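A quick write-up on the structure given underneath.
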Amino acid sequence: MSYTGPEFGSQQQRRSRRAPMTVALAALVPGALLGWVVFEGVGKPGGSGGGDADAATPRSAPVSPGDDAKVPSPSAAPPLKGKVVVIDPGHNPGNFQHTSEINQKVDIGTNWKECDTTGTSTNAGYSEARFTLDVAHRLRTLLEEQGATVELTHDGDRPVWGPCVDQRAKIGNDAHADAAISIHADGAPEGDRGFHVILPASVHSGSADTRPIVGPSRTLGERIESDFAKATGSSPSNYVGNGTGLDVRKDLGGLNLSTVPKVFIECGNMRDSKDAALVTSGAWRQKAAQGISDGIADFLRK
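Just so you know, this note's numbering puts 1494 at position 260 of the sequence shown, and the rest follows in order with no gaps.
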C-alpha cells in the first residue's frame, strides 16, 4: 500500500453380466442353510472398454434390528460454515483515471483523509490494485471451500474507482463480518523487504471507536502473520514492526471505522526487485492467499 500517488460428464450406466454359480449345497446338507453366505460370480463388462470387476461379490443374510450394526455418521459440516468474511482488495485498477474523485476527503474519525489512493506498482508497471484483486479472488475461493460466506468490497461490479475508505469499512460492518481483511502491497524503497500486518490502534474520536475490536483484531493479525510466513516462506518486514511482522496504526479509515475484527496486510514491497519477483508470480500469490486463509480460519475456529 502506497500513499504516493476469480464436469461433470453424463453418468454412464455400467451393466455387467452375472455368471450364475450353481449351488447344490441344499442337496448335500439337509435343512435350510440359514445364516450362510452365498456368493455370486461376477463377470466382466463386455466390450474392449470394460474395466476389471471383483471376482465375487458377497451377499449376506439381512441384519436384524437387534444386531450390532454400524450406521454411517453424517458428513461433518464445513469448518467455516456460518462464518462471514469480508475481503477488501486495496485500491482499484481504475483509480489512476479518476484522481479528482479519489482525492475527495472523507471523515475517518481521527481526521479527514482522501477517499482512496492509486496504490503503488512494481517498477515494471504491475499495479498494486491488480495484485490485491487477484489475491482476493484466490482467497475467496479458499474460504468458500471451507464453507464461509465471503463478500468483497469491490469486484468489478461498481464504477471504475473506489470505493472510498469509509465505505470499505461500512461494507464489513453491514455484513456483520466475523473477520475482515484489507489486502495491500507496499511501495517502500529498494532494499526494504518483507510483509507486515497492520492492526487497529485504540481510537475513540468522532465517528471512530475501535476499542471493542482492538483485542480480537490483534488475535486475527497474529494468526495471519504466523500462517502467512509459513505458507509463503517470506520474512516479516525489515523496515516496519521491528521484526515482529506487526504494526499498529490509527490513521487508516478502513480500521478506524470498522466495528468488526479487521486488519490490513502488506504482502511485500513492490518497489524492491526481490519482493517484486514474488508478487508478480501466480504461484506465490496462491501461497499468499493460502497463508491469509489459514490465519483467518485459525482465528474463526478459536
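Note that beta-carbon positions come from the ideal geometry of N, C-alpha and C, so glycine has one too. On a predicted model such as this, the values are computed, not experimentally measured, just so you know.
In the structure shown, T1383 falls within a strand segment according to DSSP collapsed to helix, strand and coil. Straight-line spacing of the CA atoms in V1474 and S1492 works out to 23 Å.
Using a C-beta cut-off of 8 Å, the region 1380 to 1398 makes contact with the region 1314 to 1323, since at least three inter-stretch Cβ pairs fall below that distance. Annotation: D1426 is outside any alpha helix (DSSP H) and is labelled neither H nor E by DSSP.
Spanning the alpha carbons of L1433 and A1358 requires a straight line of approximately 30 Å. Following the DSSP letters along the chain, one finds G1502 inside the beta strand (DSSP E) bounded by residues 1496 to 1503. Within 10 angstroms of the beta-carbon of K1347 lie 16 or more other beta-carbons, which makes it buried. Assigned with DSSP and collapsed to three states, V1340 falls in strand. An exposed status is given to A1511, since fewer than 16 other beta-carbon atoms sit within 10 Å of its beta-carbon.
Here the region 1456 to 1474 makes contact with the region 1510 to 1525; the two share three or more CB pairs at distances below 8 Å. The continuous beta strand (DSSP E) containing A1413 extends over residues 1413 to 1420.
Sequence-distant Cβ neighbours of R1364 in its own chain, meaning closer than 8 Å and more than five residues away, are P1327. Taking C-beta atoms under 8 Å as the contact rule, D1485 and T1352 fail to qualify, at a distance of about 18 Å. For the 8 Å CB-CB criterion, G1487 and V1399 form a contact.
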